[in-house]
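FYI, the numbering used here numbers position 51 of the sequence shown as 65, with every residue one higher than the one before it. Following: one structure in structure tokens, then a few remarks.
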Amino acid sequence: MSRLRPAPPVEASAWLNTSSPVALEDLRGKVACLVFFQRLCPGCSHYAMPQARRVVETFTSGEVAVMGVHSVFEHHEQQTDEAALSRWLTEQGCRFPVAVDAQSDGRVMTPKTMTAYNLQGTPSLVLVDRQGRLRARHFGPVSDMRLGAEIMALLLKTG
15 MSRLRPAPPV EASAWLNTSS PVALEDLRGK VACLVFFQRL CPGCSHYAMP QARRVVETFT
75 SGEVAVMGVH SVFEHHEQQT DEAALSRWLT EQGCRFPVAV DAQSDGRVMT PKTMTAYNLQ
135 GTPSLVLVDR QGRLRARHFG PVSDMRLGAE IMALLLKTG
């Protein structure tokens, strides 16, 4: 039987849409849905963010927590303006907490949290179970039916 590993922490340089940082430990008891995106990523605007809003609308906040992670690994000069990101989030109808992924040192192009989750790019979606364990990773679009089924399976698991 394979051992499930704890989800890595979200390392953020800033937070938007929340008055205080959100740690995964704070979400224990809930299924966490982490949406990794970049503001200038077409798939993020057209697919990932609308899907994240649907997850928020479908599940109660007591069951499922949605968190965005703005992970910039390209076009840094165009994407690192927090005021522009905040406006974009408002345009996207995003009301859930968003972490600005902390940049890695000069040897690695991908930000810290994105690297810790070993993600290939954006959009990516990660599911963390009620015990804080990494349960699913998706790169690119995932159907609403599949995502809903995966979330429900995690909600129904007792251990």
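Glycine included, every Cβ here is placed at the ideal spot set by N, Cα and C.
Buried or exposed for residue i, going by 16 or more other Cβ atoms inside 10 Å?
{"i": "Ala79", "result": "buried"}
{"i": "Arg53", "result": "buried"}
{"i": "Lys126", "result": "buried"}
{"i": "Asp143", "result": "buried"}
Smallest Cα separation from residue i: which of the options?
{"i": "Thr32", "options": "Pro111, His152, Tyr131, Leu169", "result": "Pro111"}
{"i": "Thr172", "options": "Ala116, Gly43, Glu39", "result": "Gly43"}
{"i": "Val70", "options": "Leu99, Gly57, Arg17, Gly107", "result": "Gly107"}
{"i": "His60", "options": "Trp102, Glu96, Leu38", "result": "Trp102"}
{"i": "Met166", "options": "Cys55, Met63, Thr124, Thr72", "result": "Thr72"}
Pull up the distance between the alpha-carbon of residue i and that of residue j, whole angstroms please.
{"i": "Ser118", "j": "Pro155", "result": "26 Å"}
{"i": "His162", "j": "Thr74", "result": "First, the amino acid is wrong: residue 162 is Gly here, not His. Whole-angstrom Cα-Cα distance: 13 Å."}
{"i": "Ala116", "j": "Arg147", "result": "21 Å"}
{"i": "Glu96", "j": "Val24", "result": "18 Å"}
Identify, in the order they occur along the chain, each residue of the same chain with its Cβ nearer than 6 Å to the Cβ of residue i, setting aside the five sequence neighbours on each side.
{"i": "Pro35", "result": "Trp29"}
{"i": "Val114", "result": "Ala26, Ser27, Ala28, His84"}
{"i": "Cys66", "result": "Residue 66 is actually Ala in this sequence, not Cys. Around Ala66: Val49, Val80."}
Output needed for residue i: all residues of its chain with C-beta closer than 7 Å, excluding positions within five of it in sequence on either side, in chain order.
{"i": "Glu77", "result": "Lys44, Val45, Leu169"}
On the DSSP bridge list, what partners appear for residue i?
{"i": "Trp29", "result": "Ala113"}
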